[in-house]
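> In short: position in the sequence shown from 1, add 723, done, that's my numbering.
Positions of the beta carbon are idealized from the N, C-alpha and C atoms, including for glycine.
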Amino acid sequence: MNTSTTKALIIVSFGTTHDEGRAQSLDAIEEIAARRFPDWHVCQAFTSAAVRTRLSARGITYASLEEQLDRLHRQGFSVILVMPVLLLAGIEYEKICRTMQLAQNRFKTIHIEEPLLASYDARISVLRHVCQSYRTTAADGIVCIGHGSAHAANRLYSLMQEEAQAAGLSQLYIGTIEAAPSFDDVSARILQARCSRVTLVPLLYTAGVHTAEDIAGRQEMSWRTRFEKAGIAVYAETRGLGEIPWMRELVLERCRQAVSLAESAAGGV
(Lines of atoms letter the chains of each structure in order from A and count residues from 1; the text may use other names and numbers.)
(Lines give C-alpha, C1' and ligand atoms only; values in the text may rest on other atoms or scores of the structure.)
Protein backbone atom coordinates (compact mmCIF):
# COMPACT_ATOMS: atom_id res chain seq x y z
CA MET A 1 0.00 0.00 0.00
CA ASN A 2 1.10 3.54 -0.79
CA THR A 3 2.12 5.54 2.28
CA SER A 4 3.90 8.33 0.35
CA THR A 5 0.63 10.02 -0.61
CA THR A 6 -1.85 12.21 1.24
CA LYS A 7 -4.88 10.49 -0.32
CA ALA A 8 -6.54 7.44 1.24
CA LEU A 9 -9.27 5.14 -0.03
CA ILE A 10 -10.97 3.22 2.79
CA ILE A 11 -13.01 0.20 1.75
CA VAL A 12 -15.59 -0.21 4.51
CA SER A 13 -17.75 -3.28 5.06
CA PHE A 14 -19.61 -5.05 7.83
CA GLY A 15 -16.83 -7.66 7.70
CA THR A 16 -16.93 -11.42 7.89
CA THR A 17 -15.24 -14.21 9.84
CA HIS A 18 -15.48 -16.50 6.80
CA ASP A 19 -11.82 -16.69 5.75
CA GLU A 20 -12.20 -17.86 2.16
CA GLY A 21 -15.04 -15.49 1.41
CA ARG A 22 -13.14 -12.56 2.94
CA ALA A 23 -10.00 -13.35 0.95
CA GLN A 24 -11.89 -13.64 -2.34
CA SER A 25 -14.07 -10.56 -1.86
CA LEU A 26 -13.00 -7.84 0.57
CA ASP A 27 -9.26 -8.54 0.59
CA ALA A 28 -9.28 -9.02 -3.17
CA ILE A 29 -10.91 -5.62 -3.71
CA GLU A 30 -8.32 -3.96 -1.47
CA GLU A 31 -5.43 -5.62 -3.31
CA ILE A 32 -6.74 -4.84 -6.80
CA ALA A 33 -7.62 -1.25 -5.88
CA ALA A 34 -4.11 -0.71 -4.51
CA ARG A 35 -2.68 -1.77 -7.89
CA ARG A 36 -5.14 0.24 -9.98
CA PHE A 37 -4.89 3.45 -7.96
CA PRO A 38 -1.18 3.72 -7.13
CA ASP A 39 -1.50 7.37 -6.07
CA TRP A 40 -3.81 6.36 -3.24
CA HIS A 41 -3.21 4.57 0.03
CA VAL A 42 -5.83 1.79 0.14
CA CYS A 43 -6.99 0.15 3.37
CA GLN A 44 -10.02 -1.56 4.91
CA ALA A 45 -12.32 -1.07 7.87
CA PHE A 46 -14.96 -3.37 9.37
CA THR A 47 -18.02 -1.84 11.04
CA SER A 48 -18.91 -4.95 13.06
CA ALA A 49 -17.27 -5.04 16.49
CA ALA A 50 -18.34 -8.68 16.88
CA VAL A 51 -16.58 -9.69 13.67
CA ARG A 52 -13.42 -7.78 14.62
CA THR A 53 -13.40 -9.38 18.09
CA ARG A 54 -13.83 -12.92 16.73
CA LEU A 55 -11.08 -12.38 14.18
CA SER A 56 -8.78 -10.82 16.79
CA ALA A 57 -9.15 -13.95 18.95
CA ARG A 58 -7.66 -15.85 16.02
CA GLY A 59 -4.81 -13.38 15.56
CA ILE A 60 -6.41 -11.58 12.59
CA THR A 61 -6.68 -7.80 12.90
CA TYR A 62 -9.02 -5.46 11.04
CA ALA A 63 -9.59 -1.86 12.12
CA SER A 64 -12.85 -0.06 12.71
CA LEU A 65 -13.54 3.03 10.62
CA GLU A 66 -12.83 5.22 13.65
CA GLU A 67 -9.45 3.57 14.10
CA GLN A 68 -8.55 3.95 10.43
CA LEU A 69 -9.51 7.62 10.41
CA ASP A 70 -7.47 8.26 13.57
CA ARG A 71 -4.44 6.54 12.07
CA LEU A 72 -4.72 8.38 8.74
CA HIS A 73 -5.07 11.72 10.55
CA ARG A 74 -1.95 11.05 12.61
CA GLN A 75 -0.04 10.10 9.47
CA GLY A 76 -0.94 13.36 7.74
CA PHE A 77 -3.47 12.21 5.13
CA SER A 78 -5.68 15.05 3.94
CA VAL A 79 -8.00 13.51 1.32
CA ILE A 80 -10.24 10.66 2.46
CA LEU A 81 -12.57 8.66 0.23
CA VAL A 82 -14.78 6.02 1.83
CA MET A 83 -16.16 3.26 -0.40
CA PRO A 84 -18.84 1.33 1.51
CA VAL A 85 -19.06 -2.26 0.31
CA LEU A 86 -22.68 -2.42 1.43
CA LEU A 87 -25.69 -3.11 -0.74
CA LEU A 88 -28.25 -0.86 0.97
CA ALA A 89 -28.28 2.39 2.92
CA GLY A 90 -29.29 0.69 6.15
CA ILE A 91 -28.02 0.65 9.72
CA GLU A 92 -24.36 0.05 8.86
CA TYR A 93 -24.32 2.84 6.28
CA GLU A 94 -25.81 5.26 8.79
CA LYS A 95 -23.09 4.29 11.29
CA ILE A 96 -20.44 5.07 8.67
CA CYS A 97 -22.03 8.45 7.90
CA ARG A 98 -22.11 9.40 11.60
CA THR A 99 -18.47 8.45 12.04
CA MET A 100 -17.44 10.50 9.02
CA GLN A 101 -19.44 13.51 10.16
CA LEU A 102 -17.50 13.53 13.42
CA ALA A 103 -14.22 13.37 11.51
CA GLN A 104 -14.97 15.88 8.75
CA ASN A 105 -12.98 18.76 10.30
CA ARG A 106 -9.83 16.66 10.57
CA PHE A 107 -9.23 16.38 6.83
CA LYS A 108 -9.12 18.74 3.85
CA THR A 109 -11.58 16.54 1.96
CA ILE A 110 -13.64 13.61 3.21
CA HIS A 111 -16.26 11.92 1.07
CA ILE A 112 -18.43 8.81 1.25
CA GLU A 113 -19.86 7.00 -1.74
CA GLU A 114 -23.41 5.64 -1.85
CA PRO A 115 -24.12 1.94 -1.21
CA LEU A 116 -23.70 -0.39 -4.16
CA LEU A 117 -27.42 -0.66 -4.99
CA ALA A 118 -28.36 2.96 -4.37
CA SER A 119 -29.17 3.80 -7.99
CA TYR A 120 -31.59 2.21 -10.44
CA ASP A 121 -28.79 1.68 -12.98
CA ALA A 122 -26.66 -0.15 -10.41
CA ARG A 123 -29.53 -2.39 -9.33
CA ILE A 124 -30.51 -3.33 -12.87
CA SER A 125 -26.88 -3.95 -13.78
CA VAL A 126 -26.47 -6.38 -10.88
CA LEU A 127 -29.76 -8.15 -11.63
CA ARG A 128 -28.93 -8.51 -15.33
CA HIS A 129 -25.51 -9.94 -14.45
CA VAL A 130 -27.19 -12.45 -12.13
CA CYS A 131 -29.59 -13.55 -14.86
CA GLN A 132 -26.78 -13.87 -17.40
CA SER A 133 -24.62 -15.84 -14.95
CA TYR A 134 -27.29 -18.40 -14.07
CA ARG A 135 -28.97 -19.20 -17.36
CA THR A 136 -32.32 -20.91 -16.94
CA THR A 137 -35.07 -22.62 -18.89
CA ALA A 138 -38.65 -21.42 -18.94
CA ALA A 139 -39.43 -23.71 -15.99
CA ASP A 140 -36.63 -22.32 -13.81
CA GLY A 141 -36.44 -19.43 -11.41
CA ILE A 142 -33.52 -17.45 -9.99
CA VAL A 143 -34.02 -16.44 -6.38
CA CYS A 144 -31.84 -13.62 -5.02
CA ILE A 145 -31.80 -13.66 -1.23
CA GLY A 146 -30.75 -10.64 0.82
CA HIS A 147 -30.33 -10.31 4.56
CA GLY A 148 -33.30 -8.07 5.31
CA SER A 149 -33.89 -5.85 8.33
CA ALA A 150 -36.45 -3.68 10.10
CA HIS A 151 -34.74 -0.59 8.66
CA ALA A 152 -36.66 1.50 6.13
CA ALA A 153 -34.03 0.62 3.52
CA ASN A 154 -35.51 -2.89 3.42
CA ARG A 155 -38.20 -1.58 1.03
CA LEU A 156 -35.54 -1.64 -1.68
CA TYR A 157 -35.92 -5.41 -2.01
CA SER A 158 -39.55 -5.09 -3.04
CA LEU A 159 -38.63 -2.21 -5.32
CA MET A 160 -35.99 -4.37 -6.99
CA GLN A 161 -38.59 -7.04 -7.64
CA GLU A 162 -40.77 -4.47 -9.37
CA GLU A 163 -37.81 -3.15 -11.35
CA ALA A 164 -36.80 -6.65 -12.40
CA GLN A 165 -40.29 -7.38 -13.70
CA ALA A 166 -40.45 -4.06 -15.57
CA ALA A 167 -37.04 -4.79 -17.13
CA GLY A 168 -38.23 -8.14 -18.46
CA LEU A 169 -36.34 -10.24 -15.91
CA SER A 170 -39.41 -12.34 -15.26
CA GLN A 171 -37.56 -15.38 -13.93
CA LEU A 172 -35.97 -13.37 -11.14
CA TYR A 173 -37.43 -13.49 -7.62
CA ILE A 174 -36.14 -11.45 -4.68
CA GLY A 175 -36.50 -12.31 -1.00
CA THR A 176 -34.83 -11.79 2.37
CA ILE A 177 -33.81 -14.01 5.24
CA GLU A 178 -35.02 -11.82 8.09
CA ALA A 179 -37.67 -9.49 6.65
CA ALA A 180 -39.92 -9.04 3.62
CA PRO A 181 -40.25 -10.40 1.02
CA SER A 182 -40.01 -13.59 3.10
CA PHE A 183 -39.51 -17.19 2.01
CA ASP A 184 -43.29 -17.67 2.06
CA ASP A 185 -43.76 -14.63 -0.18
CA VAL A 186 -41.21 -15.89 -2.71
CA SER A 187 -42.24 -19.55 -2.62
CA ALA A 188 -45.87 -18.61 -3.30
CA ARG A 189 -44.77 -16.83 -6.47
CA ILE A 190 -42.48 -19.72 -7.45
CA LEU A 191 -45.30 -22.23 -7.05
CA GLN A 192 -47.73 -20.01 -8.94
CA ALA A 193 -45.22 -19.81 -11.82
CA ARG A 194 -44.86 -23.62 -11.68
CA CYS A 195 -41.09 -23.50 -11.55
CA SER A 196 -39.57 -26.98 -11.35
CA ARG A 197 -36.07 -25.77 -10.45
CA VAL A 198 -34.62 -22.73 -8.70
CA THR A 199 -31.14 -21.29 -8.41
CA LEU A 200 -30.53 -19.64 -5.05
CA VAL A 201 -28.17 -16.64 -5.24
CA PRO A 202 -27.08 -14.84 -2.04
CA LEU A 203 -27.71 -11.11 -2.43
CA LEU A 204 -24.90 -10.64 0.07
CA TYR A 205 -21.50 -9.19 -0.68
CA THR A 206 -19.62 -11.71 1.47
CA ALA A 207 -20.40 -15.34 2.16
CA GLY A 208 -20.86 -16.42 5.75
CA VAL A 209 -23.28 -18.19 8.06
CA HIS A 210 -26.34 -16.87 6.24
CA THR A 211 -25.11 -18.31 2.95
CA ALA A 212 -23.85 -21.60 4.37
CA GLU A 213 -26.81 -22.29 6.65
CA ASP A 214 -29.88 -20.14 5.96
CA ILE A 215 -29.66 -20.29 2.17
CA ALA A 216 -27.65 -23.28 0.96
CA GLY A 217 -27.57 -25.43 4.10
CA ARG A 218 -29.35 -28.67 4.85
CA GLN A 219 -30.98 -27.34 8.01
CA GLU A 220 -34.72 -27.83 8.27
CA MET A 221 -35.54 -24.15 7.76
CA SER A 222 -32.99 -23.31 5.09
CA TRP A 223 -34.29 -22.03 1.76
CA ARG A 224 -32.77 -25.04 0.01
CA THR A 225 -34.52 -27.54 2.27
CA ARG A 226 -37.90 -25.83 2.14
CA PHE A 227 -37.86 -25.61 -1.65
CA GLU A 228 -36.82 -29.26 -1.94
CA LYS A 229 -39.65 -30.29 0.40
CA ALA A 230 -42.00 -28.50 -1.99
CA GLY A 231 -40.73 -30.73 -4.80
CA ILE A 232 -38.56 -28.09 -6.45
CA ALA A 233 -35.01 -28.93 -7.52
CA VAL A 234 -32.39 -26.56 -6.12
CA TYR A 235 -28.97 -25.31 -7.14
CA ALA A 236 -27.50 -23.09 -4.43
CA GLU A 237 -24.67 -20.65 -5.07
CA THR A 238 -22.37 -20.62 -2.03
CA ARG A 239 -20.25 -17.60 -2.99
CA GLY A 240 -21.00 -14.09 -1.88
CA LEU A 241 -21.40 -11.52 -4.65
CA GLY A 242 -17.95 -10.11 -3.92
CA GLU A 243 -16.32 -13.41 -4.84
CA ILE A 244 -17.74 -13.26 -8.36
CA PRO A 245 -15.47 -11.48 -10.89
CA TRP A 246 -18.17 -9.34 -12.53
CA MET A 247 -19.28 -7.95 -9.16
CA ARG A 248 -15.71 -7.12 -8.17
CA GLU A 249 -15.34 -5.24 -11.46
CA LEU A 250 -18.53 -3.28 -10.80
CA VAL A 251 -17.18 -2.24 -7.39
CA LEU A 252 -13.78 -1.32 -8.83
CA GLU A 253 -15.43 0.79 -11.52
CA ARG A 254 -17.31 2.61 -8.75
CA CYS A 255 -13.97 3.13 -7.04
CA ARG A 256 -12.43 4.51 -10.25
CA GLN A 257 -15.25 7.00 -10.71
CA ALA A 258 -15.12 8.04 -7.06
CA VAL A 259 -11.33 8.46 -7.13
CA SER A 260 -11.58 10.67 -10.22
CA LEU A 261 -14.26 12.86 -8.64
CA ALA A 262 -12.41 13.06 -5.33
CA GLU A 263 -9.21 14.17 -7.06
CA SER A 264 -11.11 16.85 -8.95
CA ALA A 265 -12.85 18.08 -5.80
CA ALA A 266 -9.51 18.17 -3.95
CA GLY A 267 -7.94 20.28 -6.65
CA GLY A 268 -5.81 17.49 -8.08
CA VAL A 269 -3.75 16.92 -4.92
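(1) Can you check whether the CB of Tyr785 is closer than 7 Å to the CB of Phe800?
(2) Would Ile900 and His870 be called neighbours here (beta carbons separated by less than 7 Å)?
(3) Tell me whether Ser779 sits in a helix, a strand or coil according to DSSP, three-state version.
(4) Can you tell me whether Ser856 is helix, strand or coil according to DSSP?
(5) If we call anything under 7 Å between Cβ atoms a contact, is Gly965 one with Ser779?
(6) Taking the runs of the beta strand (DSSP E) that are 3 residues or longer, which of them lie wholly in the stretch 800–863?
(7) Given 8 Å as the limit, is there contact between the stretch 827–834 and the stretch 946–954, that is, 3 or more CB pairs closer than that?
(8) CB Gln942 to CB Glu951, shorter than 7 Å?
(9) Assign Ile783 to one of two classes, buried (16 or more other C-beta atoms within 10 Å of its C-beta) or exposed (fewer than that).
(10) For His796, I'd like the list of residues in its chain whose CB is within less than 8 Å of its CB, leaving aside the five on either flank, ordered along the chain.
Quick answer:
(1) Against the sequence shown, residue 800 aligns to sequence position 77. Against the sequence shown, residue 785 aligns to sequence position 62. Taking a C-beta distance under 7 Å as the contact criterion, Phe800 and Tyr785 do not qualify as a contact pair.
(2) For the purposes of this step, residue 900 is identified with residue 177 of the sequence shown, where counting begins at 1. For the purposes of this step, residue 870 is identified with residue 147 of the sequence shown, where counting begins at 1. Closer than 7 Å, so yes.
(3) Mapped onto the sequence shown, residue 779 falls at position 56. Here Ser779 sits in helix by DSSP.
(4) Counting from 1 along the sequence shown, the entry for residue 856 is found at position 133. Helix.
(5) Counted from its first residue, the sequence shown places residue 965 at position 242. Counted from its first residue, the sequence shown places residue 779 at position 56. Contact flag unset, no.
(6) With a minimum length of 3 residues, the continuous beta strand (DSSP E) runs that stay inside the stretch 800–863 are 802–807 and 832–835.
(7) Contact between the stretch 827–834 and the stretch 946–954 is absent, because fewer than three Cβ pairs lie under 8 Å.
(8) Taking the first residue of the sequence shown as 1, we reach residue 942 at position 219. Taking the first residue of the sequence shown as 1, we reach residue 951 at position 228. Taking 7 Å as the Cβ cut-off, Gln942 and Glu951 do not qualify as a contacting pair.
(9) Stepping through the sequence shown from its first residue, residue 783 is reached at position 60. By the neighbour-count rule (16 or more Cβ atoms within 10 Å), Ile783 is not buried but exposed.
(10) Counting from one through the sequence shown, the residue named residue 796 turns up at place 73. Excluding sequence neighbours, His796 sits near Ala826, Arg829 and Phe830.
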